[in-house]
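Working notes, structure below.
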Amino acid sequence: MSAPEVGGPISLWRDRRFRRFWAGQSISEFGDRITELALPLIAVTALSASANQVAWLTALIWTPNLLAIILGAWVDRRVHKSRLMVLADLVRGAVLLSLPVAHLLDVVSLGQLYAVALLTGAAAVLFSTAYPPFFVHLVPRSSYVEANSKLSASRSVSHVAGPAVGGALVQALTAPVAVVVDALSYMASAVLIGRIPLGESPTGMDGAAVPSLLRRAREGMAFVWRHPVLRAGLCCAVTVNFFTFVAGSGLMVLFASRVLGLSAGVVGLALGVGSTGALLGAILAPRISRRIGVGRSIAVGAVLFPAPIAIAAGAGGPLWARAGVLAAAEFLSGVGVMLFDVNLNSLQTSVIPDGMRSRVAGAFSTVNYGIRPIGAIVGGLLATAFDLRATLLIGAAGGMLSLLWLLASPIPRIRSLAQDEMAAPCGDTDPDIRPTPC
């Protein structure tokens, strides 16, 4: 059951519940940027960790996503998704607070950092699988794109300003103490979400026989694969994520430093300026989708996200030109990723039945996030076997191939979220899913 419509689209600026949630997410996003900087700095500066140990720290944050399909099946049987989101925020806040405490006691260890990475990653998966059903109870269907645009804009602003703020805090307070800010941001998010009045329906809790967790997880993946919109969306996202991680940010920074000869300060400035593209893309996504349609906006984003990597790979000339090309590539890529994410997330939200939302979110996370470390490893191998410029070109070309999944699907023909062709596929037998006429 979604949030009710009242006479067409409602301005979310006047929706107190959404404003409260948006504020909590915005605060949390800024806190995340601090931890993303502080965790590896603790490992490198305080514990003299090797490159391999730092890589494991990153990998452990993503590892819980491999079990997201199982966790999503469990979350779908819970009535109060908002309580699970509050729990996830509280767990992340408490786990992060252990770092400054250990720092004060002078007992910080690499094992503790690994545990923090794993536990915060697991809590993040719990939050993300509970989020989709919460979202549809909070936001009217006609406002999905606007809501995702606002949330993505906050995330983009955090990526533009967050690293600078985080760097200043780390320098002033030391990395372990700076993590307190992120811990407090999760506590604030938990308080704000907990205060949102939400009538959550007991989907799937009608007393009927409950299938096993594994069976429900399989049903979630099967539902995605049978649905032409969800299948194409997942295959497109997996393809573009794999190849953009082949040419990942680490290799891009290495390319800018070693091949383009840019200093760390110039690289940071170029990437910071480029990050404003994501903010602009998040703001413009609703307007563009109204102009050319939701499906075509997704298709444009699928190309515009990876294509600028090739522009960066061709950079040359004087210093200002090399830095300018890098900033322009990051800017265009940021616009593309927001066109892709805002519209695809809204489209997927509109086609998933309430009883499947967390299962589908879990299935997406397992496949889509699971492919990212593989892409990063392949990128490292390609850069070693060939060179950085060639690896970036491969990432750009492969990423643009993701468009083929969309062209063979109904997605490009979908103009708005109210169209009938977005219905669930025929033949569903899951008791939580309303049958679709054939």
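Be aware that the sequence shown starts at 21, since it is given in my numbering, and climbs by one per residue.
Note that beta-carbon positions come from the ideal geometry of N, C-alpha and C, so glycine has one too.
| Asked | Found |
| --- | --- |
| Beta-carbon spacing of G315, G356 below 7 Å | no |
| Extent of the continuous alpha helix (DSSP H) to which V244 belongs | L233 to R246 |
| Reduced DSSP secondary structure (H/G/I, E/B, other) of P152 | helix |
| Minimum length 3: unbroken beta strand (DSSP E) runs contained in the stretch 283–333 | none |
| Proximity winner among G336, A108 and G354, relative to V211 (alpha-carbon distances) | A108 |
| The stretch 285–297 / the stretch 381–401 touching (three or more Cβ pairs under 8 Å) | no |
| Element boundaries [alpha helix (DSSP H), containing G268] | Per DSSP, G268 belongs to no alpha helix (DSSP H) and is neither H nor E. |
| Chain-order list of residues whose beta-carbon lies under 7 Å from that of P120 (same chain, five-residue window excluded) | P196, V197, V199 and V200 |
| Proximal residues to S48 (C-beta, below 7 Å), its chain only, five neighbours per side dropped | S205, Y206 and S209 |
| Whole-Å CB distance - V362 paired with V165, under 8 Å assumed | 6 Å |
| Nearest-angstrom beta carbon gap, S148 and R53 [assumed within contact, 8 Å] | The Cβ separation is near 18 Å, so there is no contact. |
| Neighbourhood of A88 by C-beta distance below 7 Å, restricted to the same chain and skipping five residues each side | V145, T149, G382, S385 and T386 |
| Three-state secondary structure (DSSP) of P432 | helix |
| Cβ-based neighbour list, G354, same chain, cut-off 8 Å, excluding 5 preceding and 5 following | S176, G294, S295, T296, G297, A298, L299, L300 and G301 |
| Check whether A327 and L346 have beta carbons under 7 Å apart | no |
| Status (buried if at least 16 other CB within 10 Å, exposed otherwise) for W42 | buried |
| Nearest residue (CA-CA) to H247, options L110, I372 and G141 | I372 |
| Enclosing alpha helix (DSSP H) for H100 [first to last residue] | Unbroken run through H100: none, as it is neither H nor E. |
| Cutoff 7 Å: T140 Cβ touching any chain C Cβ | Among the chains in the structure shown there is no chain C, since it carries only a single protein chain. |
| Nonlocal neighbours in the same chain, by C-beta distance under 8 Å from N85, ignoring five residues either side | G141, V145, S385, T386, Y389 and G390 |
| Three-state class that DSSP yields for P338 in the structure shown | coil |
| Any 3 or more C-beta pairs closer than 8 Å across the stretch 240–259 and the stretch 408–417 | no |
| Contact test: V380 Cβ vs the ligand ATP heavy atom, cutoff 6 Å | Absent from the structure shown: the ligand ATP. Ligands present: none. |
| Rounded C-alpha distance that separates S68 from R377 | 43 Å |
| Among A417, Y151 and A66, nearest to H123 - alpha-carbon criterion | A66 |
| Own chain, CB closer than 7 Å to V287, minus 5 neighbours either side, in chain order | V273, A276 and S277 |
| DSSP-derived helix/strand/coil call for P217 | coil |
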